[in-house]
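Chemist: Read top to bottom, the protein sequences are chains H and Z. Take 3 as the starting number for the first sequence in my numbering and just add one per residue. Take 343 as the starting number for the second sequence in my numbering and just add one per residue.
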Amino acid sequence: MGQDSKIRVLIAKPGLDGHERGAHVVAYGLRDEGFEVIYTGLRQTPEQIVSAAVQEDVDVIGLSILSGAHLSLTKKVMEGLKAKGANDVLVTVGGIIPEEDKKTLEEMGVAGVFTSGSKIKDIAALIRTKLGKNA
Amino acid sequence: MEEKLALMIEAARKSNERALAKLISHVEDRKPGWKDIMKAIYAETGRTCVIGVTGSPGAGKSSLVGEFAKQLGDMGYTIGIIAVDPSSPFSGGAVLGDRIRMRDISTYKNIFIRSMATRGMLGGLCQAARDVVRIMDFAGRDIVIIETVGVGQDEIEVVSASDYVVLVTYPGGGDSVQAIKAGVMEIADIFVVNKCDRGGADVIVSEISAMLDLSTETTEEIPPVIKVSAFTKEGIDKLMEILSEFIQKKNEGSHYQKEHIRQEVMSILETEMVTLIKEKISSNGNMEKELKLILSGKSDPYSVADELIKRFAVIKNPKQKRKGDFQ
Ligand code: B12
Ligand SMILES: Nc1nc2c(ncn2[C@@H]2O[C@H](COP(=O)(O)OP(=O)(O)OP(=O)(O)O)[C@@H](O)[C@H]2O)c(=O)[nH]1
Ligand SMILES: [Mg+2]
Numbered sequence: 003m004g005q006d007s008k009i010r011v012l013i014a015k016p017g018l019d020g021h022e023r024g025a026h027v028v029a030y031g032l033r034d035e036g037f038e039v040i041y042t043g044l045r046q047t048p049e050q051i052v053s054a055a056v057q058e059d060v061d062v063i064g065l066s067i068l069s070g071a072h073l074s075l076t077k078k079v080m081e082g083l084k085a086k087g088a089n090d091v092l093v094t095v096g097g098i099i100p101e102e103d104k105k106t107l108e109e110m111g112v113a114g115v116f117t118s119g120s121k122i123k124d125i126a127a128l129i130r131t132k133l134g135k136n137a
Numbered sequence: 343m344e345e346k347l348a349l350m351i352e353a354a355r356k357s358n359e360r361a362l363a364k365l366i367s368h369v370e371d372r373k374p375g376w377k378d379i380m381k382a383i384y385a386e387t388g389r390t391c392v393i394g395v396t397g398s399p400g401a402g403k404s405s406l407v408g409e410f411a412k413q414l415g416d417m418g419y420t421i422g423i424i425a426v427d428p429s430s431p432f433s434g435g436a437v438l439g440d441r442i443r444m445r446d447i448s449t450y451k452n453i454f455i456r457s458m459a460t461r462g463m464l465g466g467l468c469q470a471a472r473d474v475v476r477i478m479d480f481a482g483r484d485i486v487i488i489e490t491v492g493v494g495q496d497e498i499e500v501v502s503a504s505d506y507v508v509l510v511t512y513p514g515g516g517d518s519v520q521a522i523k524a525g526v527m528e529i530a531d532i533f534v535v536n537k538c539d540r541g542g543a544d545v546i547v548s549e550i551s552a553m554l555d556l557s558t559e560t561t562e563e564i565p566p567v568i569k570v571s572a573f574t575k576e577g578i579d580k581l582m583e584i585l586s587e588f589i590q591k592k593n594e595g596s597h598y599q600k601e602h603i604r605q606e607v608m609s610i611l612e613t614e615m616v617t618l619i620k621e622k623i624s625s626n627g628n629m630e631k632e633l634k635l636i637l638s639g640k641s642d643p644y645s646v647a648d649e650l651i652k653r654f655a656v657i658k659n660p661k662q663k664r665k666g667d668f669q
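Encoded structure:
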């Protein structure tokens with residue numbers, strides 16, 4: 003009764019990447035889909051991202067990376083989550099990701115990769131499906 | 343209680359961050375069993391010192407909270423931060439951005455930050471925030487800082503339930519003094535004029551002081567008004583001095599006040615009653631019959647409301663109450 007559950011998403015930009023537009027578009031887009039989006043701003047370390055994800059108890063982490071360092075940064079985040087026993091958190095990655103790296107990311111456990119031109123509707127749909135939650 | 347919840351409580355008691363975070367979600371989402379959690383931990387709460395920080399949008403609340411937390415953390419306190427931002431009335435979603443200005447402290451071992459959306463809870467935000475404070479308290483946080491935008495009755499209520507209220511304003515905020523006049527003034531224990539690096543702060547300080555002189559009874563203590571800069575750190579020492587003095591005083595006295603408890607029980611009851619009645623109504627034909635009566639001129643909204651209250655709000659035979667009815 004009175005249940006008021008929301009999908010909580012952390013949008014983070016790891017590393018020294020100043021391209022903030024995509025992260026904004028996704029953050030506000032997902033808000034309009036009814037999600038609660040925690041935005042942590044630029045230049046986050048993987049450690050900061052993992053710590054925020056645990057404290058905020060998010061369902062999803064969305065990494066926005068346009069710097070080209072997506073493989074190493076994502077790997078560090080995945081390892082950090084595991085170390086904290088939080089590897090049940092869904093991880094998605096967006097930005098400039100070459101086609102051939104998508105598979106590597108997926109092998110690391112990334113649930114979805116979204117490159118330029120991705121639609122918010124598709125991002126939201128993937129998150130809802132993977133979580134099996136509709137809020 | 344479900345074993346899973348009991349284990350979570352046990353782990354949170356030992357300050358396990360993930361368990362603390364999960365407990366907060368469970369209670370914030372009002373998932374089944376949330377009240378059992380609160381009942382189980384209540385006796386071990388009431389120790390933390392709650393500092394409310396409010397003020398106009400963009401005044402620098404998050405920047406200052408980050409600074410307080412860092413300094414209080416360095417003094418050896420464990421800190422919980424609750425940063426409240428509004429939910430969109432259209433989608434029900436929210437962008438919670440207070441962490442952007444607290445980045446430097448986000449991995450400090452003794453600082454735990456939680457963002458919270460208002461979720462348009464009917465008078466429920468205050469209670470939900472209180473519950474989160476209590477869970478942090480239970481998990482051993484010495485100080486809990488709540489940040490919320492000083493607009494909207496609900497959000498003002500949240501900070502006014504704190505032990506100490508910091509009202510943040512800034513020069514160039516245009517109507518910031520107006521906003522203070524409009525109602526948040528009474529709840530402040532200290533007025534902080536931020537961004538004094540930009541000039542114009544002295545004018546605001548004197549305006550606020552003049553306002554306080556006019557409106558404060560001679561017997562009351564006039565709250566301090568100070569100018570600071572979260573950027574240059576000017577005035578922060580003075581602010582920390584006042585804050586830590588208060589925290590020490592609170593730690594000596596402490597514990598719940600009778601009047602606060604009375605308010606809290608009332609507030610829980612209000613939310614629960616509304617939810618209960620809404621549920622009853624929707625599971626009993628959603629008022630369709632009554633609405634028809636009103637439309638055809640045979641009744642009116644006032645009589646229908648009276649009748650529904652009589653029908654649903656009074657539990658005639660408590661023995662027949664289903665287990666969990668009030669959960
Ligand atoms: C605008 C722009 C800039 C602006 C950024 C302004 C800002 N504050 O954002 C400025 C001029 C500052 C800039 C600077 C640089 N840029 Co630039 N920039 C671009 C450009 C043209 C567009 C990026 C953009 O905003 N797109 C619009 C948004 C909405 O799209 P998006 O970010 O792709 O996001 C979408 C998806 O990727 C996805 N998505 C993104 N994030 C996330 C997150 C999640 C969780 C999900 C699910 C989805 C998702 O959804 C979004 C919506 O569809 C791109 C080229 C391009 N066409 O992409 C180059 C580009 C990204 N830049 C590039 C470079 C090299 C630079 C510089 C290093 C240039 C230099 N030598 O100085 C600097 C570095 C700046 C820095 N500090 O990081 C390269 C990157 C190369 C690479 N990664 O291999 C690109 C690809 C250009 C190129 N072809 O060479 N840049
Ligand atoms: N010049 C100056 N700018 C400041 C100062 N403190 C904060 N700011 C800037 O003011 C803006 C808002 O700061 P925040 O700390 O996010 O303010 P806030 O009150 O938490 O904002 P909301 O939570 O959005 O209402 C940011 O751009 C800060 O960089 C200060 O002391 N001086
Ligand atoms: Mg803020």
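Each residue gets a CB set at the ideal place from its N, CA and C atoms; glycine is no exception.
Could you please give the first and the last residue of the uninterrupted beta strand (DSSP E) stretch that includes residue 66/H?
Modeler: Translated into the one-based positions of the first sequence, residue 66/H becomes position 64. Unbroken beta strand (DSSP E) run through residue 66/H: 62-67.
Chemist: Classify residue 378/Z as helix, strand or coil using the three-state DSSP reduction.
Modeler: For this step, residue 378/Z is matched to residue 36 along the second sequence. Three-state result, residue 378/Z: helix.
Chemist: Can you check which of these residues, 58/H, 23/H, 119/H, is closest to residue 426/Z by C-alpha distance?
Modeler: Position 84 of the second sequence, counted from the start, is the residue given in the question as residue 426/Z. Taking only the C-alpha atoms, the option nearest residue 426/Z is 58/H.
Chemist: Considering only DSSP beta bridges, list what residue 425/Z is partnered with.
Modeler: Numbered from its first residue, the second sequence carries residue 425/Z at position 83. 457/Z, 489/Z.
Chemist: Could you spell out where the beta strand (DSSP E) holding residue 38/H opens and where it closes?
Modeler: The sequence position of residue 38/H within the first sequence is 36, counting from 1. Taken as a continuous stretch (DSSP letters only), the beta strand (DSSP E) holding residue 38/H covers 38-41.
Chemist: Measuring alpha carbon to alpha carbon, tell me which residue in 417/Z, 413/Z, 458/Z is nearest residue 429/Z.
Modeler: Taking the first residue of the second sequence as position 1, residue 429/Z is located at position 87. Comparing Cα positions, the closest option is 458/Z.
Chemist: Can you tell me which of the three DSSP states residue 419/Z falls into?
Modeler: Numbered from its first residue, the second sequence carries residue 419/Z at position 77. Looking at residue 419/Z - three-state DSSP - the assignment turns out to be coil, as it is neither helix nor strand.
Chemist: What does DSSP give as the partner residues of residue 14/H in its beta bridges?
Modeler: Stepping through the first sequence from its first residue, residue 14/H is reached at position 12. BP columns for residue 14/H point to 65/H.
Chemist: List, in order along the chain, the chain H residues whose C-beta lies closer than 7 Å to that of residue 412/Z?
Modeler: For the purposes of this step, residue 412/Z is taken as residue 70 along the second sequence, with counting starting at 1. In chain order: nothing, as chain H lies at least about 15 Å away.
Chemist: With C-beta atoms as the reference, is residue 415/Z less than 9 Å away from residue 383/Z?
Modeler: Numbered from 1 along the second sequence, position 73 holds the residue referred to as residue 415/Z. Numbered from 1 along the second sequence, position 41 holds the residue referred to as residue 383/Z. No, the Cβ-Cβ distance between residue 415/Z and residue 383/Z is not below 9 Å.
Chemist: Suppose you measure from the CA of residue 354/Z to the CA of residue 131/H; what does that come to, to the nearest Å?
Modeler: For the purposes of this step, residue 354/Z is taken as the residue at position 12 of the second sequence. For the purposes of this step, residue 131/H is taken as the residue at position 129 of the first sequence. Each residue's alpha carbon lies about 30 Å from the other.
Chemist: Name the residue from 637/Z, 628/Z, 546/Z, 626/Z whose alpha carbon lies nearest to the alpha carbon of residue 536/Z.
Modeler: One-based indexing of the second sequence puts residue 536/Z at position 194. Cα-wise, what sits closest to residue 536/Z is 546/Z.
Chemist: Can you pull the chain Z neighbours of residue 86/H, defined as C-beta to C-beta under 9 Å?
Modeler: Within the first sequence, residue 86/H is the residue found at index 84, counting from 1. Under the 9 Å cutoff, chain Z gives 359, 360.
Chemist: Taking its Cβ as the centre, do 16 or more other Cβ atoms sit within 10 Å of residue 14/H, making it buried, or is it exposed?
Modeler: Here residue 14/H corresponds to residue number 12 of the first sequence, with the count starting at 1. When all chains shown are included, residue 14/H counts as buried.
Chemist: Sort out for me which residues DSSP pairs residue 46/H with in a bridge.
Modeler: Taking the first sequence and counting its residues from 1, the one referred to as residue 46/H is at position 44. Answer is 16/H.
Chemist: How many Å lie between residue 487/Z and residue 370/Z at the Cα?
Modeler: Your numbering for residue 487/Z matches position 145 in the second sequence. Your numbering for residue 370/Z matches position 28 in the second sequence. Cα to Cα, the separation comes out at about 17 Å.
Chemist: Ligand 2 heavy atoms versus the CB of residue 573/Z: any closer than 8 Å?
Modeler: Start at 1 with the first residue of the second sequence, and residue 573/Z comes out as number 231. Because some heavy atom of ligand 2 lies under 8 Å away, the Cβ of residue 573/Z counts as near it: yes.
Chemist: Would the segment 494-504 of chain Z count as touching the segment 84-100 of chain H if we require 3 or more Cβ pairs under 8 Å?
Modeler: Taking 8 Å as the limit for Cβ pairs, the verdict is that the segment 84-100 of chain H does not touch the segment 494-504 of chain Z.
Chemist: Specify the secondary structure class of residue 98/H as computed by DSSP and reduced to three states.
Modeler: Mapped onto the first sequence, residue 98/H falls at position 96. Coil at residue 98/H, not helix or strand.
Chemist: So which residues touch the region around ligand 3, with touch meaning a C-beta under 5 Å from any heavy atom?
Modeler: Qualifying residues, in the order they occur: 403/Z, 404/Z, 440/Z.
Chemist: Alpha carbon to alpha carbon, how far is residue 475/Z from residue 102/H?
Modeler: For this step, residue 475/Z is matched to residue 133 along the second sequence. For this step, residue 102/H is matched to residue 100 along the first sequence. Rounded to whole angstroms, residue 475/Z to residue 102/H spans 47 Å at the Cα level.
Chemist: DSSP on residue 644/Z, reduced to helix/strand/coil?
Modeler: Here residue 644/Z refers to the residue found at position 302 of the second sequence. If DSSP states are grouped into helix, strand and coil, residue 644/Z belongs with the helices.
Chemist: Which residues of chain H have a Cβ atom closer than 7 Å to the Cβ of residue 367/Z, listed in chain order?
Modeler: For the purposes of this step, residue 367/Z is identified with residue 25 of the second sequence, where counting begins at 1. Residues of chain H passing the Cβ test: 59.
Chemist: Grab me the residues of residue 666/Z's own chain with a C-beta within less than 6 Å of its C-beta, minus the 5 sequence neighbours each way, in chain order.
Modeler: The sequence position of residue 666/Z within the second sequence is 324, counting from 1. Summary for residue 666/Z: the model assigns pLDDT 49, below 50, so the residue's position carries little reliability; its value from the coordinates is reported in the next sentence. Correct list: empty, nothing qualifies.
Chemist: Would you say residue 449/Z lies against chain H (beta-carbon separation less than 9 Å)?
Modeler: Sequence index remark: in the second sequence, residue 449/Z carries index 107 (1-based). Closer than 9 Å: yes.
Chemist: Quick check on DSSP: helix, strand or coil for residue 481/Z?
Modeler: Reading the second sequence from its first residue, position 139 is the one you call residue 481/Z. It is coil, neither helix nor strand.
Chemist: List the endpoints of the continuous alpha helix (DSSP H) containing residue 534/Z.
Modeler: Your numbering for residue 534/Z matches position 192 in the second sequence. Careful: residue 534/Z lies outside any alpha helix (DSSP H), inside the beta strand (DSSP E) at 532-535.
Chemist: Using a 10 Å radius around the Cβ and a threshold of 16 neighbouring Cβ atoms, would you call residue 20/H buried or exposed?
Modeler: Here residue 20/H is taken as the residue at index 18 of the first sequence, counted from 1. Classification for residue 20/H: exposed.
Chemist: List, in order along the chain, the chain Z residues whose C-beta lies closer than 7 Å to that of residue 40/H?
Modeler: Taking the first residue of the first sequence as position 1, residue 40/H is located at position 38. 438, 441, 457, listed in chain order.
Chemist: Find the residues of chain H that neighbour residue 363/Z, judging by a C-beta separation of less than 8 Å, and give them in chain order.
Modeler: For the purposes of this step, residue 363/Z is identified with residue 21 of the second sequence, where counting begins at 1. Ordered by position in chain H, the residues that pass the 8 Å Cβ test against residue 363/Z are 56, 57, 58, 59.
Chemist: In this structure, how does DSSP classify residue 570/Z when only helix, strand and coil are distinguished?
Modeler: As a first step, residue 570/Z must be located in the second sequence, where it is residue number 228. In the structure shown, residue 570/Z sits in coil (DSSP, three-state: anything other than H, G, I, E or B).
Chemist: Go ahead and pull the three-state DSSP assignment for residue 475/Z.
Modeler: As a first step, residue 475/Z is located in the second sequence; it is residue number 133 there, counting from the start. Three-state result, residue 475/Z: helix.
Chemist: Is residue 25/H a contact residue of ligand 1, with contact defined as CB to any heavy atom under 8 Å?
Modeler: Along the first sequence, one-based indexing puts residue 25/H at 23. For ligand 1, at least one heavy atom lies less than 8 Å from the Cβ of residue 25/H.
Chemist: Could you spell out where the beta strand (DSSP E) holding residue 545/Z opens and where it closes?
Modeler: Position 203 of the second sequence, counted from the start, is the residue given in the question as residue 545/Z. From DSSP, residue 545/Z is part of no beta strand (DSSP E) but of the alpha helix (DSSP H) over 543-557.
Chemist: Report whether the distance from the Cβ of residue 121/H to the nearest heavy atom of ligand 1 is below 8 Å.
Modeler: Against the first sequence, residue 121/H aligns to sequence position 119. Checking every heavy atom of ligand 1 against the Cβ of residue 121/H, one is found closer than 8 Å.
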